[in-house]
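**Student:** Each protein sequence line maps, in turn, to chains B and S.
Per this note's numbering, the first sequence starts with residue 1, numbered consecutively.
Per this note's numbering, the second sequence starts with residue 305, numbered consecutively.
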Amino acid sequence: MTTTSKPALTARQVAWRRRRQSAGRTWAEFRRHRSGLVGLGVLVVFGLAAICAPLLASHESIEVTKATGGVLEAPSWDYPLGTDADGRSVLALLIWGSRVSLMVGLLATAISMLLGTLVGLASGHYHNFFGKALFRITEWFLVVPWLPLAIVLSTVLGPSLLTVAFVIGIVSWPATALLIRAQTLSIESRPYLERARALGAGDWRQMRRHVLPNVMPMVFANTTLTVAGAILTETTLAFLGLSDPLYVSWGSMLDEAFNVGAITTGAWWFMLPPGICVIVVVLAFTLIGQALEEVYNPRLRERA
Amino acid sequence: MSAPTSTLVADAEIQPSRSERRGSGTWRYVGSKVLGSLGALLFVVVFNFFLFRVIPGDPVRTLARNRLVSDKQVEELTRTLGLEQPLPQQFLTYLKNTFTGEFGLSFRYRQPVGDIIIDRLWPTLLLVGTSTILAALIGVYLGMVSAWNRGKVVDNVSTGFSLTLYSMPEWWLGLVLLAVFAVGAGPIPSLFPTGGLHSTDIQDPNSFAAGLDTAWHLALPVITLTLAYLAEYSLIMRSSLLDEMGEDYITTARAKGLRDVYVRRRHATRNALLPTTTLVVLNLGFVVSGAITIETVFSIPGLGLLTTEAMDVPDYPVLQGAFLIFSAAVIFANLIANLAYSWLDPRVRT
Numbered sequence: 001m002t003t004t005s006k007p008a009l010t011a012r013q014v015a016w017r018r019r020r021q022s023a024g025r026t027w028a029e030f031r032r033h034r035s036g037l038v039g040l041g042v043l044v045v046f047g048l049a050a051i052c053a054p055l056l057a058s059h060e061s062i063e064v065t066k067a068t069g070g071v072l073e074a075p076s077w078d079y080p081l082g083t084d085a086d087g088r089s090v091l092a093l094l095i096w097g098s099r100v101s102l103m104v105g106l107l108a109t110a111i112s113m114l115l116g117t118l119v120g121l122a123s124g125h126y127h128n129f130f131g132k133a134l135f136r137i138t139e140w141f142l143v144v145p146w147l148p149l150a151i152v153l154s155t156v157l158g159p160s161l162l163t164v165a166f167v168i169g170i171v172s173w174p175a176t177a178l179l180i181r182a183q184t185l186s187i188e189s190r191p192y193l194e195r196a197r198a199l200g201a202g203d204w205r206q207m208r209r210h211v212l213p214n215v216m217p218m219v220f221a222n223t224t225l226t227v228a229g230a231i232l233t234e235t236t237l238a239f240l241g242l243s244d245p246l247y248v249s250w251g252s253m254l255d256e257a258f259n260v261g262a263i264t265t266g267a268w269w270f271m272l273p274p275g276i277c278v279i280v281v282v283l284a285f286t287l288i289g290q291a292l293e294e295v296y297n298p299r300l301r302e303r304a
Numbered sequence: 305m306s307a308p309t310s311t312l313v314a315d316a317e318i319q320p321s322r323s324e325r326r327g328s329g330t331w332r333y334v335g336s337k338v339l340g341s342l343g344a345l346l347f348v349v350v351f352n353f354f355l356f357r358v359i360p361g362d363p364v365r366t367l368a369r370n371r372l373v374s375d376k377q378v379e380e381l382t383r384t385l386g387l388e389q390p391l392p393q394q395f396l397t398y399l400k401n402t403f404t405g406e407f408g409l410s411f412r413y414r415q416p417v418g419d420i421i422i423d424r425l426w427p428t429l430l431l432v433g434t435s436t437i438l439a440a441l442i443g444v445y446l447g448m449v450s451a452w453n454r455g456k457v458v459d460n461v462s463t464g465f466s467l468t469l470y471s472m473p474e475w476w477l478g479l480v481l482l483a484v485f486a487v488g489a490g491p492i493p494s495l496f497p498t499g500g501l502h503s504t505d506i507q508d509p510n511s512f513a514a515g516l517d518t519a520w521h522l523a524l525p526v527i528t529l530t531l532a533y534l535a536e537y538s539l540i541m542r543s544s545l546l547d548e549m550g551e552d553y554i555t556t557a558r559a560k561g562l563r564d565v566y567v568r569r570r571h572a573t574r575n576a577l578l579p580t581t582t583l584v585v586l587n588l589g590f591v592v593s594g595a596i597t598i599e600t601v602f603s604i605p606g607l608g609l610l611t612t613e614a615m616d617v618p619d620y621p622v623l624q625g626a627f628l629i630f631s632a633a634v635i636f637a638n639l640i641a642n643l644a645y646s647w648l649d650p651r652v653r654t
């Protein structure tokens with residue numbers, strides 16, 4: 001009968017237990033969305049390929065100087081997806097390219113999320129000049145056409161992977177900021193925030209302890225959609241030759257395919273696979289994002 | 305791509321907090337929107353100024369590293385940019401030049417940037433304008449059919465098709481279409497030209513034959529862009545129609561005994577068209593910048609190709625001018641979309 005007198009749980013333990021439960025509920029709800037699960041499965045495969053790239057294909061196989069194949073060879077047993085204009089295996093390039101495409105996409109998303117969440121929170125929380133100014137800036141970035149802005153920024157900053165991630169982050173944060181702002185406004189009008197204010201909580205505490213935890217699910221669902229956009233943008237920038245020429249990504253492969261005339265010579269093995277990879281990964285992120293949105297937004301769930 | 309719609313959502317949200325003064329409300333709304341757009345435009349101008357002056361190091365030296373720039377041009381550039389003057393003075397000169405339409409000389413073409421841009425505007429407008437209209441019509445129709453048959457095979461196919469198109473870089477689709485229908489693949493012969501806007505053997509550029517020739521050249525790029533754009537319209541139309549179908553007034557209409565077709569056509573579709581219409585108007589602003597990659601793939605001498613060519617040099621005056629035009633177009637379209645929305649849906653203005 002010793003088990004009946006359990007020691008009382010500390011506040012932290014209660015909080016963690018509650019978090020675990022809520023994560024479990026989210027997962028149970030998410031599992032009901034088949035498209036989301038398919039997306040997750042696809043992502044796991046691509047993620048593993050990116051992480052295990054050195055095991056699947058040696059780095060030498062994508063170095064121009066150590067290329068072993070002929071120019072634009074059609075698929076064969078040695079080269080399942082043929083070779084590129086430098087005689088490198090397209091399959092090896094795809095595997096190594098997945099690293100750069102995913103990494104830049106994730107890094108850009110991290111920048112975009114951080115910036116978007118901070119600006120969105122602050123512009124929703126402060127009703128003074130500062131908040132209004134932040135809102136105006138967000139609106140301005142939404143209105144400016146993103147591709148020309150990205151082109152101008154990367155031309156001015158010079159080509160490197162960090163620049164590309166930074167540029168994508170800069171052009172993609174405003175959508176997040178607006179979403180977070182709207183969410184913040186609706187949360188701040190609830191009684192428990194009035195209570196927090198009455199008890200003397202400062203701006204920082206209100207935002208961090210009361211608003212942020214409530215907008216986090218939205219941030220989470222939005223993140224996956226932002227990654228999808230970021231990978232597409234990375235591909236486009238690389239295609240336009242604005243990425244780091246030292247790293248192979250799906251976009252830079254397509255840029256090369258276009259430049260060496262894979263289109264006119266009918267070298268489909270060089271042109272189709274990178275594009276299909278982009279579509280599959282972007283689609284996977286989009287499906288997960290949509291499933292998460294439905295999980296976190298019961299209104300959508302009822303309708304769907 | 306969901307970004308443009310969220311602006312409107314945000315606008316709709318802040319408007320009701322305004323003081324309710326009937327009569328002057330509309331004009332006040334229009335006034336605030338116009339002022340806001342002018343502010344945004346001014347911000348673009350300022351941004352443009354500083355962006356091209358934060359080029360690491362001395363701008364002129366950075367520009368001069370470029371082989372296409374001669375010593376004389378460096379001198380001229382220093383003068384036109386007014387780089388020997390203090391910064392505030394430079395800024396005023398720049399403002400004056402911008403508002404009088406002087407964007408400087410292109411490094412590459414040695415012509416005023418304004419003239420080049422006007423020259424290159426028409427192919428872009430023709431290409432993207434046509435695609436936008438086609439995409440809007442087809443997209444809205446697809447979205448409607450999807451929503452009406454929610455959960456059925458038609459809906460799944462159409463939504464899957466739209467989502468896949470939405471996840472595709474539009475220029476990659478262009479490359480594939482180019483390889484298949486212009487170069488010819490397998491049994492498919494070469495049906496369309498691989499690029500450009502005219503055949504070289506056309507004598508009179510204003511003849512009917514020349515028009516047909518241009519249409520033939522534009523067919524593939526227009527198909528590509530239409531497919532790329534229609535995905536967004538169809539997805540938006542589907543979701544807003546589903547939104548409307550869940551509203552109480554639809555139940556009321558049904559309860560009155562109206563036929564389903566009537567309820568859909570006259571009640572649901574009208575309201576569901578609202579967000580889509582705004583999106584179309586908003587996207588019209590992206591018309592001028594929207595075709596950057598497609599013009600590169602199909603070598604159509606429009607503003608997009610101008611931009612990517614300028615990027616390679618890099619031709620800073622052209623980039624600066626193009627960026628200003630692209631942004632101005634979007635800001636203007638945004639203004640029109642806001643005004644149109646408030647006219648179509650008066651709830652926004654109150």
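Think of the CB as a built atom: it goes at the ideal place given N, C-alpha and C, for glycine as much as any other residue.
Between the region 625 to 650 of chain S and chain B, which residues of the former have CB atoms less than 7 Å from a CB of the latter, in chain order?
**Tutor:** Cβ contacts with chain B: Ala626, Phe627, Phe630, Ser631, Val634, Ile635 and Asn638.
**Student:** Taking Cβ to Cβ, would you say Thr581 (chain S) is nearer than 8 Å to Leu648 (chain S)?
**Tutor:** Closer than 8 Å, so yes.
**Student:** Apply the 10 Å Cβ neighbour rule to Ile51 (chain B) and answer buried if 16 or more other Cβ atoms are within range, or exposed otherwise.
**Tutor:** That one is exposed.
**Student:** Buried or exposed, going by whether 16 or more other CB atoms sit within 10 Å of the CB of Trp204 (chain B)?
**Tutor:** Exposed, by the Cβ-count rule.
**Student:** Using 8 Å as the threshold, is the region 146 to 158 of chain B in touch with the region 187 to 204 of chain B, meaning 3 or more CB pairs across them?
**Tutor:** Touching, no.
**Student:** Per DSSP, what kind of secondary structure is Leu409 (chain S) in: helix, strand or coil?
**Tutor:** Looking at Leu409 (chain S) - three-state DSSP - the assignment turns out to be strand.
**Student:** Can you list, in chain order, the residues of its chain with a C-beta nearer than 6 Å to that of Gly169 (chain B)? Leave out the 5 residues immediately preceding and following it.
**Tutor:** Correct list, in chain order: Ala108, Ile111 and Ser112.
**Student:** Is any beta-carbon of chain S found at less than 8 Å from that of Thr224 (chain B)?
**Tutor:** Not an interface residue.
**Student:** Rounded to a whole number of angstroms, what is the C-alpha to C-alpha distance between Phe258 (chain B) and Ile137 (chain B)?
**Tutor:** Going from the Cα of Phe258 (chain B) to the Cα of Ile137 (chain B) covers about 37 Å.
**Student:** DSSP puts Pro416 (chain S) in a beta bridge; with which residues?
**Tutor:** Paired residue(s): S:Leu409.
**Student:** Which two residues bound the contiguous alpha helix (DSSP H) that contains Arg181 (chain B)?
**Tutor:** First-last of the alpha helix (DSSP H) with Arg181 (chain B): Leu161 to Glu188.
**Student:** Is it true that the region 86 to 93 of chain B meets the region 170 to 178 of chain B, where meeting means three or more beta-carbon pairs spaced less than 8 Å apart?
**Tutor:** Judged by Cβ distances under 8 Å, the region 86 to 93 of chain B makes no contact with the region 170 to 178 of chain B, as fewer than three pairs qualify.
**Student:** Considering only C-alpha positions, which residue in the set S:Pro650, S:Ala637, S:Leu639 and S:Gln624 is nearest to Gly418 (chain S)?
**Tutor:** Cα-wise, what sits closest to Gly418 (chain S) is S:Gln624.
**Student:** Alpha helix (DSSP H) containing Tyr553 (chain S): first to last residue?
**Tutor:** Residues Asp552 to Ala559.
**Student:** Kindly say whether Trp520 (chain S), judged by its beta-carbon, lies nearer than 8 Å to any beta-carbon of chain B.
**Tutor:** Output row for Trp520 (chain S): interface = no.
**Student:** Please report the straight-line C-alpha distance between Thr224 (chain B) and Phe30 (chain B), rounded to a whole angstrom.
**Tutor:** Answer to the nearest angstrom: the Cα atoms are 14 Å apart.
**Student:** Taking the alpha-carbon of Leu546 (chain S) as reference, which of S:Thr573, S:Gln415 and S:Leu516 has the nearest alpha-carbon?
**Tutor:** Out of S:Thr573, S:Gln415 and S:Leu516, S:Thr573 has the C-alpha closest to the C-alpha of Leu546 (chain S).
**Student:** Give me, in chain order, the residues of the same chain whose beta-carbon lies closer than 6 Å to that of Thr597 (chain S); leave out the 5 immediate sequence neighbours on both sides.
**Tutor:** Taken in chain order, the residues that qualify are Trp475.
**Student:** Leu610 (chain S) touches chain B at which residues, Cβ-Cβ below 9 Å?
**Tutor:** By Cβ distance, chain B contributes nothing, its closest Cβ being about 11 Å from Leu610 (chain S), past 9 Å.
**Student:** Straight-line CA distance for Ser471 (chain S) to Glu613 (chain S)?
**Tutor:** For Ser471 (chain S) and Glu613 (chain S), the distance between alpha carbons rounds to 26 Å.
**Student:** According to DSSP, is Gly105 (chain B) helix, strand or coil?
**Tutor:** Helix, per DSSP.
**Student:** From the beta carbon of Ala228 (chain B), is the nearest beta carbon of chain S less than 8 Å away?
**Tutor:** It does; some Cβ of chain S falls within 8 Å.
**Student:** Which residues mark the beginning and the end of the alpha helix (DSSP H) in which Met271 (chain B) is found?
**Tutor:** Looking at the DSSP string, the run of the alpha helix (DSSP H) that includes Met271 (chain B) is Trp268 to Tyr296.
**Student:** Kindly indicate if chain S contains any beta-carbon less than 8 Å away from that of Thr235 (chain B).
**Tutor:** It does; some Cβ of chain S falls within 8 Å.
**Student:** Quick one: residues in its chain with C-beta nearer than 6 Å to the C-beta of Leu102 (chain B), no 5 flanking neighbours on either side, listed in chain order?
**Tutor:** The answer, listed in chain order, is Ala50.
**Student:** What residues in the region 332 to 356 of chain S bring their beta carbon closer than 9 Å to a beta carbon of chain B?
**Tutor:** Hits within the stretch, in order: Gly340, Ser341, Gly343, Ala344, Phe347, Val348, Phe351, Asn352, Leu355 and Phe356.
**Student:** Do Leu586 (chain S) and Ala514 (chain S) have their C-beta atoms closer together than 8 Å?
**Tutor:** In this structure, Ala514 (chain S) does not lie closer than 8 Å to Leu586 (chain S) by Cβ.
**Student:** Using a Cβ cut-off of 8 Å (strictly closer), state whether Ser471 (chain S) contacts chain B.
**Tutor:** With 8 Å as the cut-off, Ser471 (chain S) counts as an interface residue toward chain B.
**Student:** State yes or no: is the beta carbon of Pro75 (chain B) nearer than 8 Å to at least one beta carbon in chain S?
**Tutor:** No - not a single Cβ of chain S is within 8 Å of the one on Pro75 (chain B).
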